[in-house]
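Have a look at the structure below before the remarks.
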Amino acid sequence: MDYDIKKVIFEGPKEVLNDTLYTQPCVFLASMSIYATLKSLGIDADIVAGLSLGEYSALCAANVFDVQTGLEIIKIRSQLMSKALSCYDSKMAAIMNADIQQIKDVIKECSALGSLSIANYNSPTQIVITGESIAVDSAVDKLRNMPKVKAIPLKVSGAFHSPLLKEASNDFTAYLQNYDLKLPKKTIYYNICGEPIDVNDISSLALIMGKQMSHSVYFMQTIENMIKDGVELFVEIGPGSTLSKLISKIAPASKVINVDSIEDIAKLQEVLANEQ
């Protein structure tokens, strides 16, 4: 990297970490450091998934690329996204407690003002919308007027997972051809559909990775399909516990542990010991 990534991870400042140019490599490296620690203790995943950038941790854990290559790929990904979004005034907002059809109706109504779509299906009570600011703000105002609905603008640097990134996603797919990617050695549940995809060649994998940049993320469906396919324990790695909270809303009966500290590792070891 062309900056001291360890220093930024530990010291910020926050406004730097919130810039997607820095957020993406820092979150990825922090996540993979935790994963390496778990592997050194004999703990590994049977199947993997991630939300948005987290899918790159899943790809790395499935041996599609190593950490160094992952950082190089994510650096370009963040640069392409940042450059594309600099051409727009754009944002994202989390919508709580709204019916999905209500959200779709509002999106259809406000799309006349600018690009607007669903970025993330996070949980039964949380959908994230993305697009040009004027359209997002209009949708937020309309949704806030509905009973019990909350709409919260997100502290991100632009409209991720939106059609505004279509050209950048095509450029990223082409860029990935420069790398010696490997076919996954673990089952991956992909963001763009919420289920595994039978990938037989690297070009198909690169297409999936590129498409994810401008496509909706089906995280809720991912978790539902994992449970249907027999997953009994979810382990979230990386900074914070956002995914653990979402999983608890999607499937309250599921066992979920988030690991972002030494103390969390001890808790995970205890849970795994009791499972045997």
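Using this note's numbering, you'd call the opening residue of the sequence shown number 2 and step up by one each time.
Ideal Cβ positions, reconstructed from N, Cα and C, are used throughout, including at glycine.
Just so you know, these numbers come straight off a predicted model, no measurement behind them.
query: Would you grab the beta carbon distance between GLN127 and ALA95 for me? Rounded to a whole angstrom, and I think it's under 8 Å.; result: 6 Å
query: I want to know whether the region 34-41 touches the region 166-179 - three or more CB-CB distances under 8 Å.; result: no
query: Starting from THR126 and walking both ways along the alpha helix (DSSP H), at which residues does that stretch end?; result: From DSSP, THR126 is part of no alpha helix (DSSP H); its letter is neither H nor E.
query: Please go through the same chain and pick out, in chain order, the residues whose beta-carbon is closer than 8 Å to the beta-carbon of ALA252, but skip the five residues on each side of it.; result: ILE224, GLU225 and ILE228
query: Any idea what DSSP makes of VAL28, helix, strand or coil?; result: helix
query: Going by the DSSP bridge assignment, what does PHE309 pair with across the sheet?; result: The question about residue 309 has no answer, for the chain in this structure spans 2 to 277.
query: Contact between the region 77-95 and the region 14-24: three or more CB pairs below 8 Å?; result: yes
query: Rounded C-beta distance between SER170 and LYS109? I'm assuming under 8 Å.; result: 23 Å between Cβ atoms; not a contact.
query: Please confirm if the region 66-74 is in contact with the region 129-139, defined as three or more CB-CB distances below 8 Å between the two stretches.; result: no
query: Nearest-angstrom Cα distance between SER1 and ASP106?; result: Residue 1 lies beyond the stretch modelled for the chain, which goes from 2 to 277, so this question has no answer here.
query: Can you give me the C-alpha to C-alpha distance between ILE101 and LEU114, rounded to a whole angstrom?; result: 21 Å
query: DSSP has PRO190 in a bridge; who is on the other side?; result: The amino acid occupying residue 190 in the given sequence is Tyr; Pro does not appear at that position. Its beta-bridge partners are PRO197.
query: Apart from the five residues just before and just after VAL272, which ones in its own chain have a Cβ nearer than 8 Å to its Cβ?; result: LEU234, LYS256 and ILE258
query: Roughly how many angstroms separate the alpha carbons of ILE193 and MET210, rounded to a whole number?; result: 9 Å
query: So LEU144 is in the beta strand (DSSP E); what residue range does that whole segment cover?; result: Element bounds for LEU144: not the beta strand (DSSP E) but the alpha helix (DSSP H), 134-145.
query: Give the range of the alpha helix (DSSP H) segment to which PHE11 is assigned.; result: 6-12
query: With DSSP as the reference, label PHE220 as helix, strand or coil.; result: helix
query: Going by the DSSP bridge assignment, what does PHE235 pair with across the sheet?; result: VAL257
query: Among CYS61, PHE29, ILE48 and VAL49, which has the Cα closest to the Cα of TYR183?; result: The sequence shown places Lys at residue 183, rather than the Tyr named in the question. Checked all of CYS61, PHE29, ILE48 and VAL49; the closest Cα to LYS183 is CYS61.
query: Identify the residues that DSSP records as bridge partners of LYS15: which are they?; result: Paired residue(s): none; LYS15 is not in a bridge.
query: With the cut-off set at 8 Å, would you say LYS250 and SER163 are in Cβ contact?; result: no
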